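K.L.:
So the sequence shown is numbered by the working numbering: it starts at 13 and just counts up by one.
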Amino acid sequence: MDNEFVTRAIENDRCLKAYRLLDRFEDEIEALVGRMGNEMIAAHPHRFQEDASLGFKSDWNSGTIIANARENFKMRVVNEDDQSANIRLNVSVRWVDPLDWNQDGIDGALCAACYKINGGNLDDYKAVLEATESSDLGVRVDDDQFNNAPGIFYIPVEDATELQDAADILIEHFSRFGDLWGTDPANVDIED
13 MDNEFVTRAI ENDRCLKAYR LLDRFEDEIE ALVGRMGNEM IAAHPHRFQE
63 DASLGFKSDW NSGTIIANAR ENFKMRVVNE DDQSANIRLN VSVRWVDPLD
113 WNQDGIDGAL CAACYKINGG NLDDYKAVLE ATESSDLGVR VDDDQFNNAP
163 GIFYIPVEDA TELQDAADIL IEHFSRFGDL WGTDPANVDI ED
């Protein structure tokens, strides 16, 4: 045991205060991510299953990225090219190495509000990407480090106000382009 480290953690309740700070931070992020998902669902309710949420999760040492706090929402639509794929709206706040998303001049991790469609169709992604590039929303696009989605839509943030603003912009983005994702299962020919 590192006596000096443990003593400093015990003194003045440092460890306890750090835990409470992180717990409160997770609660705030969970509320934000949940609001984003619920408002995105409200924009296109016919594209989601009832009780769509799969629950909030946070991972402060994911390996693939530095950290993330996310919630997945089950979609009713299917990937026309792979009907067995589970399509899910993934809403998150994540911390990545800035170089992973070609962001220079950032000291430390890049924090971003994000969403992606896990199991999404590549052609659908290309349509949303084209619409994004033509929009005035300022949403950035890059690779999904987990390789669960064709790409990820994100906005870098540095403080709480920017995080709230980014959440609102991503909600608007999904409101405009969310209907481009997936195909109604009733409209898909199933081969025997």
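Beta carbons are placed, not taken as given, at the ideal position from N, Cα and C, and that holds for glycine. Note that this is a predicted model, so its numbers are computed, not measured.
At the level of alpha carbons, what is the spacing between glutamine 157 and valine 200?
P.N.:
Glutamine 157 and valine 200: Cα-Cα distance of roughly 30 angstroms.
K.L.:
Does DSSP classify tryptophan 72 as helix, strand or coil?
P.N.:
Looking at tryptophan 72 - three-state DSSP - the assignment turns out to be coil, as it is neither helix nor strand.
K.L.:
Identify whether leucine 28 lies in helix, strand or coil by the three-state DSSP scheme.
P.N.:
The answer is helix: DSSP assigns leucine 28 an H, G or I state.
K.L.:
Whether or not the stretch 57-72 and the stretch 112-132 are in contact is what I'm after, with contact meaning three or more pairs of Cβ atoms, one per stretch, closer than 8 angstroms; do they touch?
P.N.:
No: fewer than three Cβ pairs fall under 8 angstroms.
K.L.:
For my contact list, isoleucine 41 and alanine 81 are in at a C-beta cut-off of 8 angstroms; report their separation, rounded to the angstrom.
P.N.:
Yes, isoleucine 41 and alanine 81 are in contact; Cβ-Cβ is about 4 angstroms, under 8 angstroms.
K.L.:
Looking at the strands, I want to know which residues DSSP matches up with aspartate 154.
P.N.:
In DSSP, aspartate 154 forms a bridge with Ile164.
K.L.:
Compare the Cα-Cα distances from tyrosine 137 to each of Met13, Ser104, Thr195 and Asp171 and report the closest residue.
P.N.:
Checking every option, the nearest Cα to that of tyrosine 137 belongs to Thr195.
K.L.:
The beta strand (DSSP E) spanning asparagine 15 covers which residue range?
P.N.:
Where asparagine 15 is concerned, there is no enclosing beta strand (DSSP E), although the alpha helix (DSSP H) it sits in stretches over 15-22.
K.L.:
With distances taken from CA atoms, which of Asp63, Gly75 and Asp93 is nearest lysine 86?
P.N.:
Looking at the Cα atoms, Asp63 is the closest of the given residues.
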